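Numbering (my numbering), first residue to last: 50 to 230.
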């Protein structure tokens with residue numbers, strides 16, 4: 050039996066520099082990890098060659114081109130790190146990147162999705178962000194924001210909280226891969 054497929058949607062925020070941690074955790078739990086990245090994640094944070102070597106698959110950064118194989122069907126999705134921009138656009142139904150288009154479709158299909166935000170307290174205190182978190186939750190998305198998930202940090206201190214970023218909470222939220230027995 051083949052391993053269940055986990056889409057790891059990667060946005061352009063500090064923890065993306067450490068995305069290998071999430072890939073390794075998921076692989077250790079039996080997931081076949083397929084990475085999909087926003088343009089900002091690719092431009093500012095990711096080493097695509099290293100990520101492809103680690104996951105064993107090409108990193109999808111845009112819509113499927115002619116001759117390019119389709120992504121396998123997702124068993125579950127983790128969005129990490131999820132930015133203020135991505136969370137707000139997704140909740141508003143804006144699909145202007147490949148990641149947002151995929152998230153809109155996967156939400157509509159009812160695929161289990163866990164979102165691990167990375168925002169500072171100033172961004173988190175904005176009403177549009179709080180509304181977006183609630184909108185996604187109402188749509189059946191697990192948003193790991195607050196106690197037990199991601200707790201915002203003061204502005205300009207994100208670099209100090211990298212080691213505490215709760216990768217494991219996202220993995221727990223999508224459940225076990227089913228390969229443990």
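Note that beta-carbon positions come from the ideal geometry of N, C-alpha and C, so glycine has one too. Note that the coordinates shown come from a computational prediction; the quantities given were computed from them, not determined experimentally.
Exercise for review: Taking only runs that begin and end inside the region 77 to 138, name each unbroken beta strand (DSSP E) of 3 or more residues, in chain order.
Suggested key: 81 to 86 and 125 to 131
Review point. Can you tell me whether DSSP reads residue 199 as helix, strand or coil?
Key: The answer is strand: DSSP assigns residue 199 an E or B state.
Review point. Which residue comes first and which comes last in the beta strand (DSSP E) that contains residue 164?
Key: 162 to 166
Point to revise | CB contact flag (residue 63, residue 217, <8 angstroms) | key: no
**Study point:** Anticipated Cβ contact below 8 angstroms, residue 90 with residue 65, distance rounded
**Key:** The beta-carbon distance between residue 90 and residue 65, rounded to whole angstroms, is 5 angstroms. This is short enough to meet the 8 angstroms contact definition.
Check your understanding: Near residue 68, what residues of its chain come up, given a Cβ to Cβ distance below 6 angstroms and the 5 sequence neighbours on each side ignored?
Key -> 59
Exercise for review: Output the boundary residues of the alpha helix (DSSP H) element that contains residue 147.
Suggested key: 147 to 158
Check your understanding: Using CA coordinates, which residue listed in 148, 97 and 123 is at the minimum distance from residue 132?
Key -> When each option's Cα is compared against that of residue 132, the closest is 148.
Check your understanding: Once you ignore the five residues that flank residue 45 on each side, which residues in its own chain have a CB closer than 6 angstroms to its CB?
Key -> Nothing about residue 45 can be reported from this structure: the residues present for the chain run from 50 to 230 only.
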